[in-house]
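All remarks here apply to the structure that follows.
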Amino acid sequence: MKKVFMYVNFTTYDMTIGISKKIRSEIDTLRKMGYEVWYCGYIKKGVAIFGPNDNIYVQKQYHISNRLYFRLRRFFLIHISSQFLKQEKFDIGYLRWCAFDPPYLKMLKRMKNKGCATILMESLGYFPGIVMHGLNGRYEKFWTVLNQKIAGRYIDLVLTEGNFDSMWGKPAIEFGMGVDVENITKHSYSGKKDEYHFITVANETRYHGYDRLIKSLDRYYMEKASPYIYIHFVGEISQNTKSLVNDRIKDYIVFHGKLSGEALDHVFAASNIAVGPVAQYRVGGKKDTGLKTKEYFARGIPYFYSGHEEEKLKNFKYIYQVPDDDSPIDFREIIRFYQSIDVKLASKAMREYALNHYSWSGKYQKVFAYMKEKGMKYE
76 MKKVFMYVNF TTYDMTIGIS KKIRSEIDTL RKMGYEVWYC GYIKKGVAIF GPNDNIYVQK
136 QYHISNRLYF RLRRFFLIHI SSQFLKQEKF DIGYLRWCAF DPPYLKMLKR MKNKGCATIL
196 MESLGYFPGI VMHGLNGRYE KFWTVLNQKI AGRYIDLVLT EGNFDSMWGK PAIEFGMGVD
256 VENITKHSYS GKKDEYHFIT VANETRYHGY DRLIKSLDRY YMEKASPYIY IHFVGEISQN
316 TKSLVNDRIK DYIVFHGKLS GEALDHVFAA SNIAVGPVAQ YRVGGKKDTG LKTKEYFARG
376 IPYFYSGHEE EKLKNFKYIY QVPDDDSPID FREIIRFYQS IDVKLASKAM REYALNHYSW
436 SGKYQKVFAY MKEKGMKYE
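Just so we're on the same page, our numbering is the position in the sequence shown counted from 1, plus 75.
Right, here's the structure in full:
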């Protein structure tokens with residue numbers, strides 16, 4: 076059985092976080108495909124290496140403030156992984172992209188030089204030309220651009236979001252976000268037929284455009300439009316965004332916080348239209364709408380979005396594209412779109428598409444077929 080070590084900086088104890096669910100599904104899928112998977116991750120006030128049965132092999136906890144811990148935990152995770160790789164060898168090293176700063180490069184080099192036959196770099200959060208904001212974003216882009224040639228020495232294949240032939244001087248294959256379709260509840264709307272409930276599920280980032288959604292809803296009600304529209308936000312939302320809600324629309328916006336399981340299913344059942352990112356232009360031309368729209372497909376709920384979606388979805392009639400700019404979204408058009416489709420057929424078609432295109436096993440089979448074709452070791 077081939078051994079895989081996954082450097083995946085994720086919160087192992089909170090599956091309400093989309094990325095945590097995504098990584099958990101990747102780990103489970105590779106194990107089902109016959110690989111012995113070890114991985115690292117964040118635990119409460121610490122970091123750990125997990126073995127093939129999800130047992131903690133080694134851990135380190137820190138008695139420091141939460142603020143300091145969250146600033147430093149990435150470096151703690153890199154350090155514990157580097158130390159672990161001194162004593163263990165793996166056939167495949169699988170890493171999520173992070174800033175190519177000196178600690179990360181040291182770990183990457185050690186992973187390659189300690190006997191990993193193949194290094195796969197999953198780069199779903201970075202692409203050439205990306206615009207990154209804030210101190211952390213500028214830090215990540217600076218080190219990645221500065222050290223991309225060095226990092227390329229140790230990488231064999233890059234798994235990308237969007238279609239790129241190469242990245243950092245290495246071959247790339249389109250990978251994108253996947254979902255565990257079989258474990259996602261099929262959507263069925265249980266609300267009133269004369270109301271429209273929008274749902275968006277994500278921890279807020281700039282490209283989600285939540286400010287644009289709220290301002291568009293305000294404009295809709297300022298014009299005394301009908302029917303009633305409500306927006307349900309699920310996930311962590313900034314106070315700046317929440318402060319945009321005024322008295323005119325306060326009864327039509329619900330902030331649910333982080334939800335999972337039956338609680339999340341309940342909010343989906345009360346919603347009939349989902350919302351993808353509506354401000355992709357803010358990050359420099361992102362090539363895909365990310366994880367949450369794949370989950371919308373798996374549930375079978377129509378959605379609208381802005382910016383880029385997969386080319387093969389260009390004429391898919393159960394999703395709707397709005398302008399990718401800062402203009403108000405015309406919610407009347409969204410309602411007309413929804414009224415024009417058969418929601419039962421939409422649910423069936425979207426779930427079938429998700430099964431055929433977004434399942435993790437299908438994605439990894441595509442990667443391993445490419446590796447076999449190129450003579451890379453993977454089994």
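For glycine and all other residues, C-beta sits at the position ideal for the given N, C-alpha and C.
Classification of residue i by the beta-carbon crowding that lies within 10 angstroms, buried from 16 upward
{"i": "Lys181", "result": "exposed"}
{"i": "Val220", "result": "exposed"}
{"i": "Tyr371", "result": "buried"}
{"i": "Lys96", "result": "buried"}
{"i": "Ala444", "result": "exposed"}
{"i": "Leu170", "result": "buried"}
{"i": "Gly538", "result": "Not covered by the structure: residue 538. The range shown for the chain is 76 to 454."}
{"i": "Ala174", "result": "buried"}
{"i": "His208", "result": "exposed"}
{"i": "Lys369", "result": "buried"}
{"i": "Leu105", "result": "buried"}
{"i": "Ser156", "result": "buried"}
{"i": "Ile139", "result": "exposed"}
{"i": "Ser291", "result": "buried"}
{"i": "Met76", "result": "exposed"}
{"i": "Leu234", "result": "buried"}
{"i": "Asp399", "result": "buried"}
{"i": "Phe165", "result": "buried"}
{"i": "Tyr137", "result": "exposed"}
{"i": "Arg146", "result": "exposed"}
Same chain, Cβ closer than 7 angstroms to residue i, five either side skipped, listed in chain order
{"i": "Gly200", "result": "Trp172"}
{"i": "Ile153", "result": "Pro178, Tyr179, Met182"}
{"i": "Ser198", "result": "Trp172, Val233, Leu234, Thr235, Met242"}
{"i": "Arg148", "result": "Tyr117, Val122"}
Candidates the options: closest to residue i by CA position
{"i": "Leu469", "options": "Tyr117, Ile376, Asn84", "result": "With the chain covering 76 to 454 only, the question about residue 469 has no answer from this structure."}
{"i": "Val350", "options": "Ile118, Leu366, Tyr169, Asn188", "result": "Leu366"}
{"i": "Lys392", "options": "Arg185, Ser402, Lys423", "result": "Lys423"}
{"i": "Leu339", "options": "Val276, Lys164, Glu311", "result": "Val276"}
{"i": "Asp231", "options": "Met186, Val206, Glu101, Tyr271", "result": "Met186"}
{"i": "Arg213", "options": "Met446, Lys119, Gln440, Val358", "result": "Val358"}
{"i": "Ser265", "options": "Lys447, Arg149, Asn347", "result": "Asn347"}
{"i": "Tyr285", "options": "Lys317, Ile92, Phe145, Ser301", "result": "Lys317"}
{"i": "Ala344", "options": "Ala123, Glu311, Lys268", "result": "Lys268"}
{"i": "Gly227", "options": "Val320, Gln414, Tyr179, Lys325", "result": "Tyr179"}
{"i": "Asp89", "options": "Leu334, Lys78, Glu385", "result": "Leu334"}
{"i": "Ile394", "options": "Trp113, Val418, Lys299, Met252", "result": "Val418"}
{"i": "Arg294", "options": "Lys387, Glu279, Ser402, Ile194", "result": "Ser402"}
{"i": "Gly251", "options": "Arg411, Ile94, Met451", "result": "Ile94"}
{"i": "Gly310", "options": "Ser301, Pro302, Phe330", "result": "Phe330"}
{"i": "Ile92", "options": "Glu279, Lys189, Asp240", "result": "Glu279"}
{"i": "Gln162", "options": "Ile289, Ala300, Asn188", "result": "Asn188"}
Where the beta strand (DSSP E) containing residue i begins and where it ends
{"i": "Lys219", "result": "The question names Lys, yet the displayed sequence has Thr at residue 219. Thr219 -> not in any beta strand (DSSP E); alpha helix (DSSP H) instead, spanning 209-221."}
{"i": "Ala300", "result": "Looking at the DSSP string, Ala300 is not in any beta strand (DSSP E), and its letter there is neither H nor E."}
{"i": "Phe80", "result": "78-82"}
{"i": "Ala349", "result": "348-350"}
{"i": "Met196", "result": "193-198"}
{"i": "His272", "result": "270-276"}
Proximal residues to residue i (C-beta, below 8 angstroms), its chain only, five neighbours per side dropped
{"i": "Asn431", "result": "Gly437"}
{"i": "Ile131", "result": "Ile118, Ala123, Ile124, Phe125"}
{"i": "Glu111", "result": "Met76, Lys77, Lys78, Val79, Pro127"}
{"i": "Thr364", "result": "Gly351, Pro352, Gln355, Tyr380, Gly382, His383, Glu384"}
{"i": "Lys261", "result": "Arg374, Gly375, Ser422, Arg426"}
{"i": "Ile410", "result": "Tyr271, Pro302, Ile304"}
{"i": "Glu448", "result": "none"}
{"i": "Thr193", "result": "Asp166, Ile167, Gly168, Asp231, Leu232, Met446, Met451, Lys452, Tyr453"}
{"i": "Ile289", "result": "Ile306, Thr316, Leu319, Val320, Ile324, Ile328"}
Alpha helix (DSSP H) segment containing residue i, residue limits
{"i": "Gln456", "result": "Given that the chain is displayed from residue 76 to residue 454, the structure contains no residue 456 and the question cannot be resolved."}
{"i": "Arg171", "result": "Element bounds for Arg171: not the alpha helix (DSSP H) but the beta strand (DSSP E), 167-171."}
{"i": "Phe150", "result": "141-160"}
{"i": "Ser381", "result": "Ser381 -> not in any alpha helix (DSSP H); beta strand (DSSP E) instead, spanning 378-381."}
Own chain partners of residue i with C-beta closer than 6 angstroms, once the 5 adjacent residues on each side are dropped
{"i": "Gly116", "result": "Phe85, Thr87"}
{"i": "Phe273", "result": "Ile306, Ile348, Val350"}
{"i": "Leu160", "result": "Arg185, Met186, Lys189"}
Anticipated Cβ contact below 8 angstroms, residue i with residue j, distance rounded
{"i": "Ile304", "j": "Tyr327", "result": "6 angstroms"}
{"i": "Val256", "j": "Tyr433", "result": "7 angstroms"}
{"i": "Gly253", "j": "Phe202", "result": "Rounded, the Cβ-Cβ distance is 18 angstroms, inconsistent with contact."}
{"i": "Val83", "j": "Ile248", "result": "Wrong, their Cβ atoms sit about 19 angstroms apart, outside the cutoff."}
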